[in-house]
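2 protein chains.
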Amino acid sequence: MKAEIIAVGTELLLGQIVNTNAQFLSQKLAELGVDVYFQTVVGDNAQRLRQAIEIGRSRSDLLVFTGGLGPTQDDLTKDVLADFLNCELIIHEPSMSKIEQLFHSRGIHMVESNRRQALIIEGGEPLENTTGLAVGNGLFAGGTLYLLLPGPPKEMKPMMEGAGGEWLRSKLGERQPLYSRILKFAGIGESNLEAKLLDLIDGQVDPTIAPYAKEGEVAIRVSTKANSASEADHKIDAAVEKIKERVGEFLYAQNDIPLEAEVVHLLRASRRKLASAESCSGGLLAELITNVPGSSGEYLGGVVTYTNMMKHRLLSVPMTQLEGEGSPGAVSDSTAALMAERVRELADADFGVSLTGVAGPAESEGKPVGLVYFAIAERGKAADVHTLHLSGDRSIIRLRAVKATLYRLWQRLKD
Amino acid sequence: MKAEIIAVGTELLLGQIVNTNAQFLSQKLAELGVDVYFQTVVGDNAQRLRQAIEIGRSRSDLLVFTGGLGPTQDDLTKDVLADFLNCELIIHEPSMSKIEQLFHSRGIHMVESNRRQALIIEGGEPLENTTGLAVGNGLFAGGTLYLLLPGPPKEMKPMMEGAGGEWLRSKLGERQPLYSRILKFAGIGESNLEAKLLDLIDGQVDPTIAPYAKEGEVAIRVSTKANSASEADHKIDAAVEKIKERVGEFLYAQNDIPLEAEVVHLLRASRRKLASAESCSGGLLAELITNVPGSSGEYLGGVVTYTNMMKHRLLSVPMTQLEGEGSPGAVSDSTAALMAERVRELADADFGVSLTGVAGPAESEGKPVGLVYFAIAERGKAADVHTLHLSGDRSIIRLRAVKATLYRLWQRLKD
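Chains A and B are the protein sequences, given in the same order.
For what it's worth, the numbering used here labels the leading residue of the first sequence as 131, then goes sequentially.
For what it's worth, the numbering used here labels the leading residue of the second sequence as 131, then goes sequentially.
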């Protein structure tokens, strides 16, 4: 099966956003055993979109669209495709009710154009949008499969992982499906991991072992075609053993979950509680942890002590520790240790973690951008302090520092 | 002039990398006044690449290629285009010397295929690669302009900003560049904003006014072609005035910055300090604010009181307020008010903001997912509490709640 991804949106052609949807969908289609031969971007223009559909249909069996399902005049995908196929647009009642109810419940006047988001092409299957209003659409017409997904990644991804992917699998029919397992690593860089696995990545044919790009994370995908999940598991398990022999210490999960979810999982399993004190990371660690559903059982809370005064007021770090000639300063191993210990006590938690450093853009206390100290304090033990020298811009330094902290915590918890 | 960007590389079709080159080139071409109508990605396959060239030539005046200039068997761009145009590939001697010298100086044996990187299409102009070995190529043939750039961004960008851009400008002659301004809005939904501006979006020809999609944000782009930046500013200012008459109260910036950056800016301008107390948002507000460079001058810090005990311990919210029969509970307007007031006092800040609610996936205290209270406490005034009924998944509810809080704070600060 040959597929083409068609992204619709003038903002892509103007370079205002980057087409991350194409990457996500290419990965998902590869997992389903579908070969993507082309990716196309076309603007919000009926004539050129129609042209792209014509070309796509002539060279591909499956066209996956993203974008152009919204309420505005610029959202043309359904109209143009329906016209091209000589089909009508019809109202999908459940989607229409959902839209009306949402506006009603918020007490906002609904602009008429919002109803457009409930339209589907006749003969097609509506695909539920669990995170937005525009209904998706799957259609088989004239020998070609058409899958219409919303443009915003936060709507497109859940639809592709839910109703959209399901529809597609049903249409692909009896094929030896591709089974994949994502291995997630922490504490090791992408190129370093690849170097250690290079001969497996290049030489291993079944299962295949390939790097799997995800922003800020390091992952490997192990894939095989098999007749059943258990047959696939068996083959994949053997390959994973080979990988573990080399880099097992960095492997934190055999499915696609973020490191913080695994940390929450281990805390829960060992019935322990966490608290955090953040300076340079400004709440990012708390934010990542609390974004894990159900984390309120394991994460008690924390402080973001962005100034010395707050470190003193909230955590009772002595001002002489933080300021003045000869003091260690806010960015120091001893301040990191104090912050972790004090927040642990304050919350009566089993673990207290802390971060203090220089995220940039300018140096601080005469200390360079990228220097970060983090500490892990456990009940009844002295705090463990670690030093990082990170590069990158402000956001990247913050993210890397938090992930390094989570990695050490994960190591402590799994042992 | 109609342009198309053709990225060549199977790794893009497999989703292993994201096509950031297309975004960069689209921006650069827009600055040169060139309209990009299509972006295409095709694999390292001679037949399909030739197909893409044929289609591109039929609909565009300029084809910009990235990728496929390297030394391997998979690097086909020059070969396929030369064949398509019935031209020969010739050696560019300075590039060849550079390649040979590099290997010689490193004392590495040069694999013969490296010489391929010095080939150009006859009749074309060689484009110097200042950060790599593969020479670029500019060519005018049969009424179409072809610009061949390397795939790796660290080679492609300098070439486009150097020899490639220069060659292109020489071919374009005297043209008016496009100037754009991004207007950012908060406190109003995308479709609602568009409805209020519909006649301007549809009818206004110069400058053009168009919606500009950004995740979690609402923006409008105003663009015009002009001979100078000041001429463009003059035209764009007039259009912005018309927009402000209708939706000025929601316009927070005339450049592409996030709402939190504008809040930090207004805090700085009025010399006021902020502290935060977060429950359901788990540190997201702190994280967004502290991601603004230099925010340590305005943001003192805050607490993430994820459990009732932490609300009690850190903020002295009475347990009788939070738990027990007839108590308002953690998710209530009075708890939000107390949290904002207490954290303001604790930090000795001018403003204290708080969020408490149910981000899901499950309800809490018998209160529904999406119910969020936020409060803004100002020194010397009673806290102001607001109620939100939000939909979406956990991350979306958190983000929307935080953005709504920032919007109200922005309103207070600008008045």
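Each residue gets a CB set at the ideal place from its N, CA and C atoms; glycine is no exception.
Pair within 8 Å by beta-carbon distance, residue i and residue j
i, j, result
"Leu308/A", "Leu162/A", "yes"
"Thr435/B", "Ser409/B", "yes"
"Leu269/B", "Ile251/B", "yes"
"Gly412/A", "Val433/B", "no"
"Pro491/B", "Arg524/B", "yes"
"Phe315/B", "Phe380/B", "yes"
"Thr561/A", "Gly186/A", "Here chain A covers residues 131 to 545 and nothing more, so residue 561/A does not appear."
"Asp463/A", "Tyr429/A", "no"
"Leu404/A", "Leu397/A", "yes"
"Lys365/A", "Asp336/A", "yes"
"Thr465/A", "Thr486/A", "yes"
"Ser156/A", "Gly145/B", "yes"
"Val265/B", "Ser225/B", "yes"
"Leu418/B", "Val532/B", "yes"
"Met290/A", "Lys158/A", "yes"
"Thr287/A", "Phe154/A", "Per the sequence shown, residue 287/A should be read as Lys rather than Thr. Going by C-beta atoms, Lys287/A is nearer than 8 Å to Phe154/A."
"Thr196/B", "Gly294/B", "no"
"Thr170/B", "Thr170/A", "yes"
Which of helix, strand or coil DSSP assigns to residue i
i, result
"Gly432/B", "strand"
"Gly292/B", "helix"
"Ala248/B", "helix"
"Val550/A", "Past the edges of chain A, shown from 131 to 545, lies residue 550/A, and the structure says nothing about it."
"Thr260/B", "coil"
"Ile136/A", "strand"
"Pro224/B", "helix"
"Gln334/A", "coil"
"Lys366/A", "The sequence shown places Ile at residue 366/A, not Lys. Helix."
"Thr450/A", "helix"
"Arg180/B", "helix"
"Ala399/B", "helix"
"Val241/B", "coil"
For residue j and residue i, the rounded distance between their alpha carbons
i, j, result
"Gly317/B", "Arg236/A", "13 Å"
"Leu520/A", "Ile229/A", "46 Å"
"Ala477/B", "Ala534/A", "29 Å"
"Leu518/A", "Ser425/B", "23 Å"
"Asp198/B", "Val148/B", "The question names Asp, yet the displayed sequence has Gly at residue 198/B. Distance between the alpha carbons of Gly198/B and Val148/B is about 16 Å."
"Val461/B", "Ile527/A", "34 Å"
"His516/B", "Leu536/B", "12 Å"
"Pro256/B", "Glu296/B", "12 Å"
"Ser227/B", "Ala248/B", "9 Å"
"Leu330/A", "Ala507/B", "59 Å"
"Leu211/B", "Ala391/B", "47 Å"
"Leu219/A", "Arg245/A", "12 Å"
"Arg443/A", "Trp540/A", "30 Å"
"Lys208/A", "Arg178/A", "14 Å"
"Gly500/A", "Ser494/A", "10 Å"
"Leu389/A", "Pro448/A", "33 Å"
"Met240/A", "Ala368/B", "30 Å"
"Glu320/A", "Lys326/A", "10 Å"
"Ser376/A", "Asp165/A", "For clarity, residue 376/A is Arg in the given sequence; the question names Ser instead. Taking the straight line from one Cα to the other gives about 31 Å."
"Leu445/A", "Glu347/B", "36 Å"
"Lys497/A", "Glu134/B", "47 Å"
"Met440/A", "Lys544/B", "27 Å"
"Lys284/B", "Arg180/A", "35 Å"
"Val194/B", "Leu142/A", "16 Å"
Option in the options with minimal Cα separation from residue i
i, options, result
"Val393/B", "Gly333/B, Arg542/B and Ala248/B", "Arg542/B"
"Leu80/B", "Arg398/B, Ala368/B and Val483/B", "Here chain B has residues from 131 to 545 only, and residue 80/B is not among them."
"Asn267/A", "Asn244/A, Gly292/A and Ser321/A", "Gly292/A"
"Ala407/B", "Glu475/B, Val370/B and Leu275/B", "Glu475/B"
"Arg401/B", "Phe481/B, Lys355/B and Asp386/B", "Phe481/B"
"Leu215/B", "Ala137/B, Leu275/B and Leu142/B", "Leu275/B"
"Ala349/A", "Gly294/A, Asn322/A, Val164/A and Leu206/A", "Asn322/A"
"Gln306/B", "Thr260/B, Ser353/B, Glu324/B and Ala182/B", "Ser353/B"
"Gly510/B", "Arg472/B, Lys544/B and Asn385/B", "Arg472/B"
Nonlocal neighbours in the same chain, by C-beta distance under 7 Å from residue i, ignoring five residues either side
i, result
"Arg351/A", "Ser310, Ile312, Ala340 and Tyr342"
"Arg538/B", "Ile506 and His516"
"Gly254/B", "Asn267, Gly268 and Leu269"
Own chain residues within Cβ distance below 6 Å of residue i, not counting five before or after
i, result
"Ala467/A", "Ala505, Ala513 and Val515"
"Gly459/B", "Glu495"
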